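Residue numbers (the UniProt record's numbering): 1 to 154.
Remarks on the structure that follows.
What follows is the structure in structure tokens.
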């Protein structure tokens, strides 16, 4: 049975020969992103919600602040969920890597490396983890792996 170019592209997007390693990255990084996204979107965990986060983003020149807060919060919250479930990990990791680049260069870069000074240390670690998952894919024990295997069997 032949496959269409779209199904081959989808299978390549989901496929991963990375084994179990990405799982060890996906779970803690997914939890961190979900929590940070929930702070921005819902005001959970001591966050400021969309209104407060939007005001902060506007003060940085990221306007309109409310929309930027919605975009960043959604990327973090839903991207983090995608990492936890192992579904569409590469696109989620790309969105999360972009969000971390924006955070590093708009908020943290001028404060140096270390977190004690609100530096970019933590953002850099999250960026590295996101790029790693973008390259490796979800690995085993993921929805992506199950879908890729199913698509390959057709």
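Backbone N, C-alpha and C define an ideal beta-carbon position, used for all residues, glycine too.
It should be emphasised that the depicted structure is a prediction, and the values quoted were computed from it without experimental measurement.
- Note on the segment 15–92: whole alpha helix (DSSP H) runs with a minimum of 4 residues are 21–42, 49–59, 65–85, in chain order.
- The DSSP-derived three-state label of residue 141 is coil.
- Taking C-beta atoms as the reference points, residue 61 and residue 106 count as a pair closer than 9 Å.
- Using a Cβ distance threshold of 9 Å, residue 129 and residue 14 do not count as a contacting pair.
- For the pair residue 83 and residue 123, the Cα-to-Cα distance works out to about 17 Å.
- If you draw a 10 Å sphere on the C-beta of residue 113, you find fewer than 16 other C-beta atoms in it, and that means exposed.
- At a Cβ-Cβ threshold of 9 Å, residue 40 and residue 49 count as neighbours.
- In the three-state reduction of the DSSP assignment, residue 10 falls in the helix class, which pools H, G and I.
- In this chain, the alpha helix (DSSP H) harbouring residue 136 covers 121–136.
- In this structure, 20 is the residue among 44, 59, 20 with its C-alpha nearest to the C-alpha of residue 133.
- Residue environment for residue 77: buried (at least 16 other C-beta atoms within 10 angstroms of its C-beta).
- Taking C-alpha positions only, residue 91 is separated from residue 38 by approximately 20 Å.
- With a beta-carbon spacing of about 5 Å, residue 99 and residue 75 fall inside the 8 Å limit used to define contacts.
- Linking residue 73 to residue 36 through their CA atoms gives a straight-line distance of about 7 Å.
- Excluding its 5 nearest sequence neighbours in each direction, residue 142 has C-beta neighbours in its own chain below 6 Å: 86, listed in chain order.
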